[in-house]
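**Student:**
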Amino acid sequence: MLQFLLRRTIGALVILLLISAVTFVIFFQLPGDPAYLSCGKNCGPAQIDLIHRNLGLDESIPVQYWEFMKGIFVGRTFEIGQCDAPCLGVSFHSREMVWDTIVDRFPTTLSLTVGGFVVFLVVGLGTGMIAAWKKGTLIDKGFSSLSLVLSSFQIYFLGPIVMGLVVWNHGWLDAPKYFPITDGVGKWFLGLLIPWLVMSTIFTAQYTRLMRSTMIEQLQEEHVRTARAKGMSRVYVFFRYATRGAMIPIVTILGMDLSGLLGGAIVTELTFSLAGIGRLAVESVTNIDLPLTMGVMLVGATFILLLNVVVDAAYAYIDPRVRLG
Amino acid sequence: MNPIRSRTTRAIAVAFVAGSLALTGCSEGSKDKKDDKTVGQENAKEQQEALTFATAEESTGPAEPVKGAQQGGTLTVYSQDDVSHLDPGQIYVSDAGLLSTILHRGLTANRVNNDGTKQVAGDLATDTGLTEDGGKTWKYTLKDGITDEDGDPITSKDVRHTFERQFAPFITDGPSYIQQWLAGSGTDYRKALPDGPFKGKHLPDTILETPDDKTVIFHLQSAQPDFPQALAMAGYAIVPEKKDTKEKYDKAPKALGPYKIGEYKPGKSLTLVKNDKWDPATDSVRRQMVDKFYIEFNHDPGDIDKHIMSDRGVDQAAIAFTGGIDTSNVPTVTKDKAMMARTIQGYQPYVWQLNMNMDRIKDKKVRDAITYAIPNGELVRIDGGSYGGEIAGGLLAPTLPGFEAKYDPFNKLKKPTGDIEKAKQLLKEAGKVGMELKYAYANTPIRQEQAVVIENALTEAGFKVSKQEKDQATWYEQMGKIKNGLDLYMTGWGQDWASPGTVIPPSYDGTQIQDGASNYSHINDPKVNSEIKRISAITDPAKASDEWNKLHHYIVEQVNPAVPLYFTKQFMIQGSKVGGAEYNSFTSYYDWNKLYVKK
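Here the protein sequences come in this chain order: A and B. The working numbering applies: residue 1 is where the first sequence begins, and numbers increase by one. The working numbering applies: residue 1001 is where the second sequence begins, and numbers increase by one.
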């Protein structure tokens, strides 16, 4: 296990280093100079040079990259103050420390992702299991058709419809808003309920279908039949044998979908006017904001890499055939 | 005011409503024309009324009360973006400029009186300034009893500091009129005080004089009759010397106005609370009615409208910060009488034009052909119909003095669908039928839709159009390159104050052609250049205005560097409990100094 973690950590660090270098290089290849965005009316080459100096863009690209990467480990000093390690620089646009901004926005995205994850896992797997249990019945057919329809409901399509109905027309709920969980669990829950349900709809539908088919497959496996033949109850076999087997492909896809959910945060946050990492990512690109782009990329990538390690570890737990080492 | 830059339209966010924009465009166009004339023309008339300078007596506080005003309450304000700046020295664009009308104070300030007249008044100064040499030397005396939010008095030292810090390298975003008038054109003025006042050096008395605690004298290099108007810009509001934290000041400035920063969560929200050290007796411009302004960021335009249109709970006392009603919501609002009753409208200072790169399109006949061919009415329809804009006959906005509503040398008003026949004929005369035009447009839904219209019209007129889609965020940077390799592109420009002198020189002066500068058509006409120089030196504002308008005629008719497209209009909606909602033509948003919350 220890060896596995060590190997994966080193791998992750190499990937992060590559991502940082690629992002940095791509940034300078893109058309667009951030200096022009704040150049005002008296814009001209001299003014642009001055802004470049203020933003640290007058150095060569390798030097800028080195300064940035060094800052992550030892911190940097800017005119607006000391940026302690892990320092991701100062945003070109907002002139805020990037690390502080990300730390400030992260809880919103985390709440969204975790909440959406729980919803599609519980609802998706639950309905999938029920459909498999009741295979061929009206319930099964109902769930299957519903999931077929819902799996084509994109967030940017469903979001405004739900908002129009629930918030603007009837006022059943307030417009989604993020409250820290410390402000009260109820407030936090109600504030994010609509985004959770909307963002997880597609996933829920897909997991229903996936869970149903893998469960049905598992129920036809020989070891399940043997267990039943040995006299174990249907319920026991369903949960102890079939579900465990069905979870292996589910966990594989779960890892990928979690990253997808994080990507979906961009759309969710824009649809529901929430201030999280996804919106930050979009803003950083629109504002040609290198430090913020780097920060969001690195934090996002780290998060996804961590999730993958967790998923790999989870395999070993579920499937005894997999041994880490 | 800056060109309309990227922050006004967020390509990615806006993309989601692309479909609905297209639909609205089609259904709204013709129906709106009635309102176009009634509301639009009234606004135009009102907004052209000349600006006057308030006397010392008129500059004394308190401001005339707003009718029916009530005290207290919280006003919720929705915004797409965080405020660009809070440090006055860095404020140029409209969002921060709007906020500064209740937060900061300068030597002079703009105000719209209750009877609708517009004035520049003495703000921290007792009057709008004394000059005895036609505008070369300006003397100001500070009012008594003015303090910052900590209660520390403001003296002439703070005024000196305010102007000297404008020379420091970290101040790059604000206006530069006064620095240039004091110490040299372009960016040369910076040489007069390269580090600002931060390393113990100061501007000599021959430039800026502060003989005592109350008196400030500006010695300009040439006469500038518009000096009091320039001083009223947000960028020249006072930064108290002892409170200046340089780069850090942008996040935590000290207020002199009726409101100060209560809590600021960058990128999320900004709460303004009453500044109890502000004395209404010193202020003829501002009022202090609501308890709190709560500004929440990250709301996309459509979402802001939905909040305010639904008119529930806190949204009853809510307004948009700088965003007008989204094109997709215009039909819903205009069809609903109750909703229309809670809207404001007015002209913005922007004029959209289709620049013709004169380095590449050298034949005036070809430029005229392009101009005749463009169907302005269609372009307006796509950009919000008559609530979003109005066809432009010339290149000067209705917000400028001497605006001629009927000026229409290219029949833009008479033929809103364009004059293809005339265009064909001109192109034939020029012998350029089939000429290729490289036309660039920004990647936003509105511009994309307009691009189709422009392409079709020019193709019909006999041109061969090759379209190029460009990134909206860096639009002005790309168009501002001298060698941009393009023939046609849209840009918008607005005045800094109500004088064509803040529009014509930056846009049409041939001596100002350089990368990043705003002469986007690269017009370099000897007569225009010399006239700009001559008229800039005229000290009588009325005479100068006349001369600018004559030069405008020459530019449009004899040179024709850009197709006049349309003037932009503001159309905003407020909650039912928002009182004192009024369009302010200086900021082109709500007049925040008149807003109150109805009980």
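The beta carbon of each residue, even a glycine, is placed where N, CA and C say it ideally should be.
(1) Can you determine whether any heavy atom of the ligand NAD sits closer than 7 Å to the C-beta of B:LEU1231, and answer yes or no?
(2) Can you give the Cα-Cα distance for B:ALA1457 and B:ASP1419, rounded to whole angstroms?
(3) Could you check whether the Cβ of A:GLU96 sits closer than 8 Å to any Cβ belonging to chain B?
(4) B:TYR1476 versus chain A: which residues are under 7 Å apart at the beta carbon?
(5) Verify the CB distance criterion: does B:GLY1516 have a CB-CB separation below 8 Å to chain A?
(6) Exposed or buried, which one is B:TYR1140 when buried takes at least 16 other CB atoms within 10 Å?
(7) Hey, would you say B:ALA1121 sits closer than 8 Å to B:ALA1054, going by beta carbons?
(8) For the beta strand (DSSP E) that A:GLY81 lies in, which residues bound it at each end?
(9) Just to confirm the assignment, what range does the beta strand (DSSP E) spanning B:LEU1051 have?
(10) Using a cut-off of 9 Å between C-beta atoms, extract the partners of A:GLU79 located in chain B.
(11) At a Cβ threshold of 8 Å, is B:ARG1312 touching chain A?
(12) Check for me: the beta strand (DSSP E) holding B:HIS1085 runs from which residue to which?
(13) Taking only beta-carbon atoms, is A:GLN47 less than 8 Å away from chain B?
(14) Return the CA-CA distance between B:ARG1287 and B:THR1060, expressed in angstroms with no decimal places.
(15) Sort out for me which residues DSSP pairs B:VAL1112 with in a bridge.
(16) Where A:PHE303 and A:MET199 are concerned, what is the direct C-alpha to C-alpha distance, given to the nearest angstrom?
(17) State the Cα-Cα distance for the pair A:GLN3 and A:ARG321, rounded to the nearest angstrom.
(18) List the residues of chain B whose Cβ lies closer than 8 Å to the Cβ of A:ASP33, in chain order.
(19) Is the stretch 251 to 267 of chain A in contact with the stretch 85 to 104 of chain A, if contact means three or more CB pairs nearer than 8 Å?
(20) Who pairs with A:THR127 in a beta bridge, going by DSSP?
(21) Of the residues that make up the stretch 287 to 316 of chain A, which ones have a beta carbon closer than 8 Å to any beta carbon in chain B?
(22) Which residues in the same chain as B:GLU1028 place their Cβ atom closer than 6 Å to its Cβ, once the five residues preceding and following it in sequence are excluded?
(23) Taking 8 Å as the threshold (beta carbon to beta carbon), is A:CYS347 in contact with chain B?
(24) Touch check for the stretch 1447 to 1467 of chain B and the stretch 1419 to 1436 of chain B: three-plus C-beta pairs under 8 Å?
(25) Distance, Cα to Cα, B:THR1444 vs B:TRP1475?
(26) Classify A:TYR317: buried if its beta carbon has 16 or more other beta carbons within 10 angstroms, exposed otherwise.
(27) For A:GLY260 and A:THR113, what's the separation of their Cα atoms in angstroms?
(28) Residues of chain B with CB closer than 7 Å to the CB of A:LEU50, please, in chain order.
(29) Taking the Cβ atom as the reference point for each residue, do B:THR1187 and A:GLY56 lie within a distance shorter than 8 Å?
(30) Determine the contact status of B:LEU1086 and B:PRO1349, defining contact as a CB-CB distance below 8 Å.
(31) Hey, would you say B:ALA1255 sits closer than 8 Å to B:HIS1104, going by beta carbons?
(32) Can you tell me whether A:MET211 is helix, strand or coil according to DSSP?
(33) Quick check: B:THR1568 and B:GLY1323, are their CB atoms within less than 8 Å of each other?
(34) Where does the unbroken beta strand (DSSP E) through B:HIS1219 begin, and where does it stop?
(35) Quick check on the DSSP output: what are the complete alpha helix (DSSP H) runs of length 4 or more inside the stretch 36 to 60 of chain A, in order along the chain?
(36) Based on the DSSP output, what are the partners of B:GLU1436 in its beta bridges?
**Tutor:** Considering the structure as presented:
(1) Among the ligands in the structure shown, none appear at all, so the ligand NAD cannot be discussed.
(2) In this structure, the CA atom of B:ALA1457 is about 9 Å from the CA atom of B:ASP1419.
(3) Closer than 8 Å to some Cβ of chain B, the Cβ of A:GLU96 qualifies, so yes.
(4) Correct list: TYR36.
(5) With respect to chain A, the C-beta atom of B:GLY1516 has a partner C-beta closer than 8 Å.
(6) Using a 10 angstroms sphere on the CB of B:TYR1140, the tally of other CB atoms reaches 16 or more, which defines it as buried.
(7) In this structure, B:ALA1121 lies near B:ALA1054, with their beta-carbon atoms less than 8 Å apart.
(8) For A:GLY81, the enclosing beta strand (DSSP E) starts and ends at 81 to 83.
(9) Unbroken run through B:LEU1051: none, as it is neither H nor E.
(10) For A:GLU79, the C-beta contacts it makes with chain B under 9 Å involve PHE1170, LYS1246, GLU1247, LYS1248, in order along the chain.
(11) Judged by the 8 Å Cβ criterion, B:ARG1312 is in contact with chain A.
(12) B:HIS1085 -> no beta strand (DSSP E), and no H or E assigned at all.
(13) Answer yes: the Cβ-Cβ gap between A:GLN47 and chain B drops below 8 Å somewhere.
(14) The alpha-carbon atoms of B:ARG1287 and B:THR1060 are separated by roughly 13 Å.
(15) Paired residue(s): B:LYS1118.
(16) The straight-line gap from Cα to Cα measures roughly 19 Å.
(17) Going by the C-alpha atoms only, they are around 18 Å apart.
(18) Ordered by position in chain B, the residues that pass the 8 Å Cβ test against A:ASP33 are THR1474, GLU1477.
(19) Touching, no, given that fewer than three Cβ pairs across the two stretches are closer than 8 Å.
(20) Answer is none; A:THR127 lacks a bridge partner.
(21) If the cut-off is 8 Å between Cβ atoms, the stretch 287 to 316 of chain A has ASN287, ILE288 near chain B.
(22) For B:GLU1028, the pLDDT reaches just 30, beneath the cut-off of 50, and the residue's location in the model is therefore unreliable, leaving the point undetermined.
(23) Lying outside 1 to 325, the shown extent of chain A, residue 347 of chain A is not represented and no answer is given.
(24) Between the stretch 1447 to 1467 of chain B and the stretch 1419 to 1436 of chain B, the count of Cβ pairs shorter than 8 Å is three or higher; the stretches touch.
(25) Taking the straight line joining both Cα atoms gives about 11 Å.
(26) Its Cβ having fewer than 16 others within 10 Å, A:TYR317 is exposed.
(27) Between the alpha carbons of A:GLY260 and A:THR113 lies a gap of roughly 10 Å.
(28) Using a Cβ-Cβ cut-off of 7 Å, A:LEU50 is close to PRO1169, THR1172 of chain B, given in chain order.
(29) Using a Cβ distance threshold of 8 Å, B:THR1187 and A:GLY56 do not count as a contacting pair.
(30) Between B:LEU1086 and B:PRO1349, the CB-CB gap reaches or exceeds 8 Å.
(31) A contact, by the Cβ cut-off of 8 Å.
(32) Three-state result, A:MET211: helix.
(33) Taking C-beta atoms as the reference points, B:THR1568 and B:GLY1323 fail to come closer than 8 Å.
(34) Note, B:HIS1219: beta strand (DSSP E), 1215 to 1219.
(35) As summarised for the stretch 36 to 60 of chain A, the continuous alpha helix (DSSP H) elements at least 4 residues long and confined to that stretch are 45 to 55, given in chain order.
(36) B:GLU1436 is bridged to B:LYS1464.
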